[in-house]
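Take any residue in the sequence shown, note its place counting from 1, add 1, and you have its number in our numbering. Scroll down for the structure; my scribbles are underneath it.
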Amino acid sequence: MCEKDVKATQGNDVNTGVCVAMQNIPSREETLGDIVIALLRAGQIISRRTICLKLVARIEAETHPVMQAHLSELMRIILRNNPF
């Protein structure tokens, strides 16, 4: 989808910039893995609560709207009552 958007909007820097930004977003698994590793290195317990607190901190510190949306989506997934 992203490549088609770039080809269709050649010369339009706004759409190309968004497309490139989306390619640099890590997967949900990578983001969650980074958070778990950070918690383990800090000697903290791995729980839904500690993961959510870390996610909230990352959302608040993030300035890029696409990355904020990515982190918010991960938060919604974690807070769902039903399993993946």
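All C-beta atoms in this analysis are idealised placements derived from N, C-alpha and C, irrespective of residue type, glycine included. Owing to the predicted nature of the structure, the values given are computational and were not obtained by experimental measurement.
Query raised in the report: Going by the C-beta, is Val67 closer than 7 Å to any heavy atom of the ligand SAM?
Result: The ligand SAM is not among the ligands present in this structure, which contains no ligands whatsoever.
Query raised in the report: Going by the beta-carbon positions, is the gap between Val37 and Ile46 smaller than 8 Å?
Result: no
**Report entry** 6 Å Cβ shell around Arg29 - same chain, five flanking residues per side excluded
**Finding:** Leu75
Report task. State the DSSP-derived secondary structure class of Pro27, mapped to helix, strand or coil. Result -> coil
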